[in-house]
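What follows is a single structure, written as structure tokens, with notes after it.
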Amino acid sequence: MKNSFKAFILGAGLSFLTLSTGFGQLGDIGLILTGGVEDAEQILTEYMRPLANSFGANLNGGWYNTAKVHGTLGFDITFTVSAAFAPDDSKIYDMSNLTLQALYSESMAPTVSGEKGIGPTLTYQQDVLGTPVTYLEYDHPGGTGVGILPSPMINAGVGLPKGFEIIGRYMPRVKFQGVESGLWGLGVKHDIGQWIPFVKRVPVLHFTLMYGYTNLNVNAGLNSISPSTINAVDNTTSITWDDQNFDMLTQGHTANFLVGANLPVVAFYGGVGISVTQTNLKLNGYFPIPVLNVVDPLNPFTEVTDASAKKDPIDVEIKNNDGSTTKPRFNVGMRFKFSVITLHFDYTYANYSVATAGFGISFR
22 MKNSFKAFIL GAGLSFLTLS TGFGQLGDIG LILTGGVEDA EQILTEYMRP LANSFGANLN
82 GGWYNTAKVH GTLGFDITFT VSAAFAPDDS KIYDMSNLTL QALYSESMAP TVSGEKGIGP
142 TLTYQQDVLG TPVTYLEYDH PGGTGVGILP SPMINAGVGL PKGFEIIGRY MPRVKFQGVE
202 SGLWGLGVKH DIGQWIPFVK RVPVLHFTLM YGYTNLNVNA GLNSISPSTI NAVDNTTSIT
262 WDDQNFDMLT QGHTANFLVG ANLPVVAFYG GVGISVTQTN LKLNGYFPIP VLNVVDPLNP
322 FTEVTDASAK KDPIDVEIKN NDGSTTKPRF NVGMRFKFSV ITLHFDYTYA NYSVATAGFG
382 ISFR
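Under the numbering used here, the first residue of the sequence shown carries the number 22, and numbering increases by one thereafter.
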């Protein structure tokens with residue numbers, strides 16, 4: 022039990038380390054706003070898509086470690102760590118599929134799950150007296166080199182009459198290296214085997230339906246982008262640039278049909294179902310967007326004005342359906358129970374596959 026708790030703490034640490042690494046990269050992606058909000062929203066969406074979808078996959082995993090429903094007032098408390106695996110095709114994206122105003126040195130760019138290093142150079146130009154003048158140039162942010170995202174959670178379930186079980190999950194808000202995160206969720210399981218005659222005659226066999234909803238909120242500070250950062254003249258009057266931060270709200274819904282067999286020490290379980298996630302990404306604070314000043318055509322320069330600066334400029338949404346009625350996600354696992362102590366392991370096969378391990382205390 023002690024070693025299992027250490028593993029849970031390690032999973033929590035790895036989750037925040039991955040977050041802080043990813044958002045450290047995002048601190049530099051504030052530069053994309055200097056090319057305008059429309060370009061920034063497109064690039065941010067594609068760059069962050071694997072992180073959003075990995076979180077969504079984790080949120081929709083770890084809801085159960087048996088197909089059996091607690092008896093009335095039976096309960097369990099379970100600590101889990103789920104790890105989502107970003108598929109290889111999510112580690113790069115093609116900027117030529119976007120409608121960018123920027124010129125780029127190469128079209129393929131890394132996502133947050135892609136390789137470390139410097140991405141393609143993006144260049145913005147404006148025509149001055151028939152000559153294109155470059156007024157902004159920056160490198161697309163590189164990836165983190167991390168394609169696995171762990172997420173720890175605390176789950177609890179309580180049995181109710183008529184074959185129902187209420188499930189809750191929670192992680193208190195914790196701040197680590199400038200990243201603050203917390204989650205909560207609610208779910209329900211129902212024993213449908215009680216309505217099937219042949220299942221009722223096999224006590225170890227269980228058929229169950231379950232649904233779960235999870236809400237994750239993450240906030241991170243960013244490396245402040247000011248006019249001096251982009252070599253522009255600050256002609257604003259009272260704007261400050263030190264309150265820039267990033268919000269990510271991920272909501273996950275999952276519904277599954279479960280089947281399992283509970284033996285004296287070991288339980289086997291599996292499920293087929295669907296997973297739907299929605300992530301909202303927001304950049305908050307004032308961000309400088311340069312404009313070209315051509316009062317003197319021979320010596321144009323960029324400046325940031327009250328009109329060109331943008332407050333809370335980004336609010337984008339990323340949706341993901343990982344599993345459908347025609348192509349569901351599949352889960353298989355096993356749980357060991359020693360008196361009231363449980364240990365379980367399972368794997369969910371989907372576009373963003375998830376491995377889950379956990380330990381807990383269960384009273385049936």
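All residues carry an ideal CB built from backbone N, CA and C; glycine is no exception.
7 Å Cβ cutoff met for residue i and residue j
i    : j    : result
L237 : L65  : no
G233 : G208 : yes
I260 : Y307 : yes
M129 : L302 : no
A88  : T229 : yes
V353 : G281 : no
N176 : H365 : no
Nearest-angstrom Cα separation, counted from residue j out to residue i
i    : j    : result
K332 : W262 : 10 Å
N341 : Y145 : 32 Å
D268 : L304 : 7 Å
L143 : A123 : 6 Å
N314 : K196 : 42 Å
T55  : K183 : 59 Å
Residue burial classification, residue i (beta-carbon count within 10 angstroms, cutoff 16)
i    : result
E62  : buried
I246 : buried
S383 : buried
E338 : exposed
R356 : buried
R194 : exposed
V102 : buried
T377 : buried
I217 : exposed
G43  : The predicted position of G43 is uncertain, since its pLDDT is 49 and thus under 50; no value can be drawn from it.
F219 : exposed
D97  : buried
T120 : exposed
Y159 : buried
P285 : exposed
D317 : exposed
T221 : The sequence given here places Lys at residue 221; Thr does not occur at that position. Exposed is the call here.
F76  : buried
L94  : exposed
N118 : exposed
I348 : The residue asked about is misnamed: residue 348 is Lys in this sequence, not Ile. Answer is exposed; the Cβ neighbour count stays below 16.
Residue-chain proximity (residue i, chain B), Cβ-Cβ < 7 Å
i    : result
G168 : Within the model displayed, chain B is absent; a lone protein chain is all it includes.
Beta-ladder partner(s) of residue i, from DSSP
i    : result
M116 : Answer is none; M116 lacks a bridge partner.
E201 : K196, N240
R356 : A288, H365
S171 : Correcting the residue type first, residue 171 is Pro in the shown sequence and not Ser. P171 is bridged to A104.
S296 : T275
R190 : N176, G206
K331 : F308
Review point. Counting Cβ pairs, one atom from each stretch, are 3 or more of them under 8 Å apart for the stretch 132-152 and the stretch 195-207?
Key: no
Practice item. Assess, as a yes-or-no matter, whether the stretch 326-346 is touched by the stretch 104-117 under the definition of 3 or more beta carbon pairs within less than 8 Å. Key: no
Review point. Three or more C-beta pairs closer than 8 Å, one from the stretch 158-178 and one from the stretch 132-144: is that the case here?
Key: yes
Review point. Should the stretch 268-278 be regarded as contacting the stretch 67-82, the criterion being three or more beta carbon pairs within less than 8 Å?
Key: yes
Exercise for review: Indicate whether the contact test is met: 3 or more Cβ pairs, each with one atom in the stretch 309-324 and one in the stretch 287-301, closer than 8 Å.
Suggested key: no
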